[in-house]
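To start, the structure under review is shown below, and the notes come after it.
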Amino acid sequence: MKDKNLHLNETGNRSVFKVPENYFDDFQAALNKRIDSLEAENEKVRDVEVESKPKRLFLKMDSIRPVLYMAAMFVLLLFSVGLVLNLTSDKTSSSLHLSAESTTQTKTPATNIPTAEDYLINSVGTYGITEYYIESGTEE
Amino acid sequence: MEMPNDTVLLSMLHDEKKRREAFNILVKQYSESLYWQIRKMVLSHDDANDILQNTFLKSWTNIDQFRGDSKISTWLFRIAINETYTFLNKERQKNQSSFVDLEDIMVQELQSDPYFSGDEAALKLQKAIMTLPEKQRLVFNMKYYNEMKYEEISDVLGTSVGALKASYHYAVQKIEAYLALEIS
Chain S
1 MKDKNLHLNE TGNRSVFKVP ENYFDDFQAA LNKRIDSLEA ENEKVRDVEV ESKPKRLFLK
61 MDSIRPVLYM AAMFVLLLFS VGLVLNLTSD KTSSSLHLSA ESTTQTKTPA TNIPTAEDYL
121 INSVGTYGIT EYYIESGTEE
Chain L
1001 MEMPNDTVLL SMLHDEKKRR EAFNILVKQY SESLYWQIRK MVLSHDDAND ILQNTFLKSW
1061 TNIDQFRGDS KISTWLFRIA INETYTFLNK ERQKNQSSFV DLEDIMVQEL QSDPYFSGDE
1121 AALKLQKAIM TLPEKQRLVF NMKYYNEMKY EEISDVLGTS VGALKASYHY AVQKIEAYLA
1181 LEIS
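Those protein sequences? They're chains S and L, same order as listed. Residue numbering for the first sequence follows my numbering, beginning at 1 and increasing consecutively. Residue numbering for the second sequence follows my numbering, beginning at 1001 and increasing consecutively.
This is the structure we're talking about:
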């Protein structure tokens, strides 16, 4: 093997690389400095995590609560307006004087899904509705 | 001061109060050998220094996960090799748009490196070594320069002794062929 590797043997395995003076002596100090700053950073991160985690959630809820309330009120308002508009939309006058029996007949037994009108009639009653329209008529 | 054995060192490393002292012993003991292993792969002193620091930083942050299933020196060597591969891959990606291979660039820079004291023959040998695939280059360096036994190399790289012998044999053949061509 040695005779075959003429060129390698000529060069030999001596090292041809150098290092700056005192490199290995200074290396340990430089490394310790880096470890110290790494440990200090880790300590900071741990402290921040412990302090802020529960508060962060609490603060988030506090800041969005008013927005949630306003959104809920807006939805309720829209629903109420829609309900009122539904009631005042083009219905014939005869439909207003329907008795309790006939109003029940207008229900679609097949589907049995209560409408806004049904809800209102059940709560206010036909007398109440009649009163409302009579009063509104006299105002005009 | 006599270096404590692996068992003693390991128990010190797992003790928070003695960890730093044990780590300093490790650095003093292994920094030079690790440095040369890295340097022969990356050629530049600055790069080797960065990789060596990263190697020890990684070992510091992962001390708790090391359970002593291998020698401490083997564990450190493996971290150093992984860090070296990571560095070379990053450099290769940076160099993707270039028409010149990374290895060629590294050897070219060696010519003007103040920390390279070799002659023309030594430079040609480095060029030849850089033509080898990374793992084969590593095996060649560990055997040729460090004169490590195949069993020791096998422990570090996790490759069988037979495969290492074959790898070294082919590495030597390639280098010889390259040098013969350069000379002719």
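The C-beta atom is built at its ideal place from N, Cα and C for all residues, glycine as well.
- In terms of Cβ geometry, residue 1055 of chain L and residue 1079 of chain L form a close pair [threshold 8 Å].
- Residues are counted here when their Cβ sits less than 8 Å from a Cβ of chain S; for the segment 1148–1177 of chain L these are 1172, 1175 and 1176, given in chain order.
- DSSP places residue 1099 of chain L in the coil class of the three-state scheme, outside both helix and strand.
- Secondary-structure assignment with DSSP links residue 17 of chain S through a beta bridge to L/1116.
- By the criterion of a C-beta distance shorter than 7 Å, residue 1048 of chain L is surrounded in its chain by 1035, 1038, 1039 and 1042, once the five residues flanking it on both sides are discounted.
- In this structure, L/1060 is the residue among L/1053, L/1045, L/1027 and L/1060 with its C-alpha nearest to the C-alpha of residue 1015 of chain L.
- Within the same chain, and ignoring the five residues on either side of residue 1030 of chain L in sequence, the residues whose Cβ sits closer than 7 Å to its Cβ are 1073 and 1076.
- A distance below 8 Å separates the beta carbons of residue 17 of chain S and residue 1115 of chain L.
- For residue 1044 of chain L, there is no enclosing alpha helix (DSSP H), as DSSP marks it with neither H nor E.
- In this structure, the alpha-carbon of residue 1138 of chain L lies about 36 Å from that of residue 40 of chain S.
- Assigned with DSSP and collapsed to three states, residue 62 of chain S falls in helix.
- Of S/25, S/21, S/37 and S/89, the smallest CA-CA separation from residue 1057 of chain L is found for S/37.
- From the beta-carbon of residue 1053 of chain L, the residues of chain S found nearer than 7 Å are 31 and 34.
- By the rule that beta-carbons nearer than 8 Å mark a contact, residue 1027 of chain L touches chain S.
- Between the C-alpha atoms of residue 61 of chain S and residue 1063 of chain L there is a straight-line separation of about 41 Å.
- Residue 1134 of chain L carries a helical assignment under DSSP once its states are collapsed to helix, strand and coil.
- Beyond the five residues adjoining it in sequence on each side, residue 71 of chain S comes within less than 6 Å, by CB distance, of no other residue in the same chain.
- If you draw a straight line from the Cα of residue 1124 of chain L to the Cα of residue 1182 of chain L, it comes to about 8 Å.
- Around the beta-carbon of residue 74 of chain S, fewer than 16 other beta-carbon atoms lie within 10 Å, marking it exposed.
- Rounded to the nearest whole angstrom, the CA to CA distance from residue 1132 of chain L to residue 1065 of chain L is 34 Å.
- Counted as a single uninterrupted DSSP element, the alpha helix (DSSP H) harbouring residue 1169 of chain L occupies residues 1161–1183.
- Shown here, residue 22 of chain S sits in coil according to DSSP, grouped into three states, outside any helix or strand.
- Contact annotation for residue 44 of chain S against chain L: no contact, minimum CB-CB distance about 16 Å [criterion: below 8 Å].
- Residue 1177 of chain L counts as exposed, since fewer than 16 other C-beta atoms from the protein chains shown sit within 10 angstroms of its C-beta.
- Taking the beta carbon of residue 1116 of chain L as reference, the chain S residues within 9 Å of it are 16, 17 and 18, listed in sequence order.
- Listed by position along chain S, the residues whose Cβ is nearer than 7 Å to that of residue 1060 of chain L are 35.
- Membership of residue 1146 of chain L in any alpha helix (DSSP H) is not indicated, and neither H nor E is assigned to it by DSSP.
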